[in-house]
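Residue numbers (the numbering used here): 415 to 501.
For every residue, glycine included, the Cβ atom is placed at its ideal position computed from N, Cα and C.
Take a look at the structure set out below.
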């Protein structure tokens, strides 16, 4: 007798769970300006870390643009490197 794979159903369950966590819709044009503090803070958690793309739903190219914008904004002291609670 052949046994059914459980990993297939588990991967679907994990994929559905991750899909429900996505914060950004795929249909919008994404441009990240390093001077737009409010937009960049949407993609940074309370510790100051950049939220990964599996949660934000960005493409690799968009995530790369986001990362560069956040790092440049940190360098120019527009947004902090670390949140005040963790200093």
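Residues bridged to residue i (per DSSP)
{"i": "residue 493", "result": "The partner list for residue 493 (beta bridge, DSSP) is empty, contrary to what the question assumes."}
{"i": "residue 458", "result": "464"}
Rounded Cβ spacing between residue i and residue j (contact assumed at less than 8 Å)
{"i": "residue 480", "j": "residue 446", "result": "5 Å"}
{"i": "residue 453", "j": "residue 493", "result": "Not quite, the Cβ-Cβ distance comes to about 11 Å (not below 8 Å), so this is no contact."}
{"i": "residue 444", "j": "residue 472", "result": "7 Å"}
For residue i, three-class secondary structure by DSSP
{"i": "residue 464", "result": "strand"}
{"i": "residue 484", "result": "helix"}
{"i": "residue 447", "result": "coil"}
{"i": "residue 501", "result": "coil"}
{"i": "residue 472", "result": "coil"}
Alpha helix (DSSP H) segment containing residue i, residue limits
{"i": "residue 451", "result": "451 to 455"}
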